[in-house]
Amino acid sequence: MAKVDLSSQAWCDLVFSGKNKAYGAYKMRETSPRRHNIAVILVIVIALIGFSIPTLIKMATPKQKEVMTEVTTLSQLEEPEVKQEEMKRIEP
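Read in order, the letters of the sequence shown are residues 5 to 96 in the numbering used here.
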């Protein structure tokens, strides 16, 4: 079997020989390599933009300083002394 380039002009002419070339399919087949190249380039450009957006956002936003906040847990607090008061009983 011969090697045939399906995107070549010769293949397009062979497929549409003796057929109506004004129908529209011939024109589409004729311009398909150009469309495919444009589509591949467009996908690559969109992918590059998509992957570079997070980097651009990081570069555009100012860096915030980290503020250390001291947290006191209950185990670090001193327990206050509880005064035991005697309750006086009042008799009527």
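For glycine and all other residues, C-beta sits at the position ideal for the given N, C-alpha and C.
- Shown here, Leu46 sits in a helix according to DSSP, grouped into three states.
- Note on geometry: alpha-carbon atoms of Glu89 and Thr73 lie some 39 Å from one another.
- Between the stretch 30-50 and the stretch 15-22 there are three or more inter-stretch CB-CB distances shorter than 8 Å, so the stretches are counted as touching.
- The three-state reading of DSSP puts Arg93 in coil, since its state is none of H, G, I, E or B.
- Annotation for Gln88: no alpha helix (DSSP H) segment contains it, and DSSP assigns it neither H nor E.
- For Thr77, same chain residues with a beta-carbon under 6 Å away, outside a window of 5 residues either side, do not exist.
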